[in-house]
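So the structure is just underneath, and the comments pick up after that.
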Amino acid sequence: MPTLLSSPLLLPGPVASSELTQPTEVSVALGQMARITCKENLKTKYYPVWLQQKPSQAPMLVIYGDTNRTSKIPERFSTSWSVDTDTLIISGAQAQDEADYYCAVWEKNAKAHSDTGRWGSGTETSLCHPLLQPRGLQTKP
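FYI, the numbering for the sequence shown is 1 to 141, going by full-length UniProt numbering.
Right, dumping it as structure tokens:
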């Protein structure tokens with residue numbers, strides 16, 4: 001199961017939440033498209049965030065909002081939204097994309113004038129050899 005290390009990048013307070021559901025694991029063939037979903041069960045407006053964590057490294061912000069990619073993140077990373085699901089898309093997955101990915105959301109609480117963060121449980125993403133696995137994405141819910 002993916003674990004999240006503490007980092008100055010992360011705001012205090014967010015905890016894993018049953019209101020955000022990610023697949024435990026995603027495998028994708030080199031050069032294929034990976035889709036990591038984050039299903040939300042929130043009743044308030046939220047601000048989606050995706051983070052990447054490689055072994056022994058601090059989490060790194062990938063995308064925030066609808067399409068705001070950080071400068072170190074390649075253009076092959078993007079997101080899509082539907083009514084209750086945010087999806088991180090990696091087009092043409094590369095070896096360096098192997099990592100744990102976490103979705104998070106910040107709910108705006110106007111009465112308290114503060115943000116409340118919630119975390120998904122994380123998705124371990126790995127590349128598979130195309131001769132050993134079917135082409136494209138495999139997920140374990």
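For each residue, glycine too, the CB sits at the ideal point set by N, CA and C.
In this text the structure is predicted, and so the values were computed from the model without any measurement.
Inter-stretch contact at 8 Å, needing at least 3 Cβ pairs: the region 60-73 / the region 19-39: no
For the 8 Å Cβ check, are there 3 or more pairs between the region 35-42 and the region 53-66? no
Coil, strand or helix - residue 96 by DSSP: helix
Under three-state DSSP, which class holds residue 23? coil
On the DSSP bridge assignment, give the partners of residue 48 in chain order. 105
Nearest to residue 48 (by Cα), restricted to the options 85, 90, 97 and 95: 85
Quick check on residue 69: does DSSP put it in helix, strand or coil? strand
Could you name the residues of the same chain whose beta carbon sits closer than 7 Å to that of residue 31, not counting the 5 residues immediately before and after it, in chain order? 92 and 93
Residue interval of the beta strand (DSSP E) (run including residue 35): 34-40
Assign residue 53 to one of three DSSP states: helix, strand, or coil. strand
Residue 95 classed as buried or exposed, judged by whether at least 16 other C-beta atoms fall within 10 angstroms: exposed
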